[in-house]
Structure formats: structure tokens, C-alpha cells
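Undergrad: Read in order, the letters of the sequence shown are residues 13 to 160 in my numbering.
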Amino acid sequence: MTIIRALRPAARILLIDPEGRALLFRFVPADRPPFWCTPGGAVDPGESYEAAAVRELREETGLVLDCGVQIARRHAEFITIEGVPVSADERYFLVRTEDVSVATDGHTALEQAVMREWRWFDPAALADLAEPFFPTDLPEMLRDVGVW
Numbered sequence: 013m014t015i016i017r018a019l020r021p022a023a024r025i026l027l028i029d030p031e032g033r034a035l036l037f038r039f040v041p042a043d044r045p046p047f048w049c050t051p052g053g054a055v056d057p058g059e060s061y062e063a064a065a066v067r068e069l070r071e072e073t074g075l076v077l078d079c080g081v082q083i084a085r086r087h088a089e090f091i092t093i094e095g096v097p098v099s100a101d102e103r104y105f106l107v108r109t110e111d112v113s114v115a116t117d118g119h120t121a122l123e124q125a126v127m128r129e130w131r132w133f134d135p136a137a138l139a140d141l142a143e144p145f146f147p148t149d150l151p152e153m154l155r156d157v158g159v160w
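(1) Kindly provide the ranges of any alpha helix (DSSP H) runs that are 4 or more residues long and lie completely inside the segment 60-94, ordered along the chain.
(2) Examine the Cβ distances between the segment 93-109 and the segment 21-41 and report whether three or more of them are shorter than 8 angstroms.
(3) Looking at C-alpha atoms only, which residue of E152, F133 and D111 is the closest neighbour of W7?
(4) Using only alpha-carbon positions, find the residue among R33, E71 and G32 that is nearest to V55.
(5) Check whether the Cβ atoms of V114 and G74 sit closer than 8 angstroms, and answer yes or no.
(6) When the Cα atoms are used, what is the spatial distance from V66 to L35?
(7) State the start and end residues of the unbroken alpha helix (DSSP H) segment that holds A142.
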């Protein structure tokens with residue numbers, strides 16, 4: 013049986029604090045085990061990846077920062093929290109911040125329901141994480157750009 017997947021352009025942010033830690037959100041969906049993911053999400057119709065990165069960063073963290081240019085691109089196939097099978101064209105943006113506070117008042121109702129916590133991870137903490145995280149090659153991505 014072939015699964016029909018919706019195309020999903022997405023902007024994802026590798027948000028790095030002054031200590032070189034990466035921010036991840038923990039998702040607790042009703043239909044699968046919890047997992048961790050970088051900030052970001054779907055590109056709106058007519059929106060550029062760069063504009064989506066700025067918007068998603070603001071909505072999910074409260075931070076208003078320039079996200080710069082994309083540093084990586086990944087293709088991922090998964091089922092969204094809403095239950096939609098997608099083929100995602102994910103563009104990644106490296107953003108450094110001095111501000112480690114996270115404001116979630118921009119989260120949608122769905123995000124409020126499933127994004128239960130967030131945490132800043134260094135390489136050791138991420139290696140010790142018992143739950144899955146995405147992108148799965150995050151440590152390599154951060155090494156490739158000189159963060160780790």
C-alpha cells in the first residue's frame with residue numbers, strides 16, 4: 013500500500029545559547045511516544061523559508077532575531093501531529109542568542125497541548141537523552157557548523 017504524502021516545506025531553527033547548547037522542544041502527542049525537536053515548522057503559502065524561520069522562532073520562543081541564510085537542507089517523511097503523512101523539505105537556519113528565556117504565548121492551541129517542555133542541550137546531555145530527537149543527525153549538523 014502506497015501512502016500519499018502531502019508536500020510540506022518547513023523552516024527549522026538550530027537555536028544556540030551562549031554556552032553552545034541547542035534548544036529542543038519536547039512533544040507529547042496522544043498517538044505516539046514523546047520526542048524532542050528543534051524549533052520551527054511549516055512554511056505558509058507564499059512565504060519564504062527565511063521569513064518562515066523568523067516567524068516560527070518568534071511564535072515558538074518569543075525571540076525576534078535575524079535567522080540569516082539556510083545552512084542545511086534535509087528531506088524527512090513523517091506523520092504530523094495532526095495525523096497527516098508528509099514529505100518535508102526542511103531548511104535549517106543557525107541562530108545564536110544571548111537570551112535563553114522561552115516565551116510560549118505565541119504557541120497555537122495544538123502546540124500548547126503537545127509541546128510540554130523545552131530544554132537547552134549540550135552534546136553530552138543530548139547523547140544521554142532516552143527519547144528520540146529530530147533531526148536525528150543534529151549532533152553532526154552542529155559539529156559541521158563549528159558549534160560542537
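In this text, a Cβ means the ideal position worked out from N, Cα and C, and glycines have one as well.
TA: Let me spell this out:
(1) Listed in chain order, the complete alpha helix (DSSP H) runs (minimum 4 residues) inside the segment 60-94 are 61-73.
(2) At 8 angstroms Cβ cutoff, the stretches touch.
(3) This structure cannot settle anything about residue 7, because the visible part of the chain is limited to 13 through 160.
(4) Ranking R33, E71 and G32 by Cα distance to V55 puts E71 first.
(5) Yes, the pair counts as a contact, with Cβ atoms nearer than the cut-off.
(6) Here the alpha carbons of L35 and V66 stand approximately 15 angstroms from one another.
(7) No alpha helix (DSSP H) holds A142; DSSP gives it neither H nor E.
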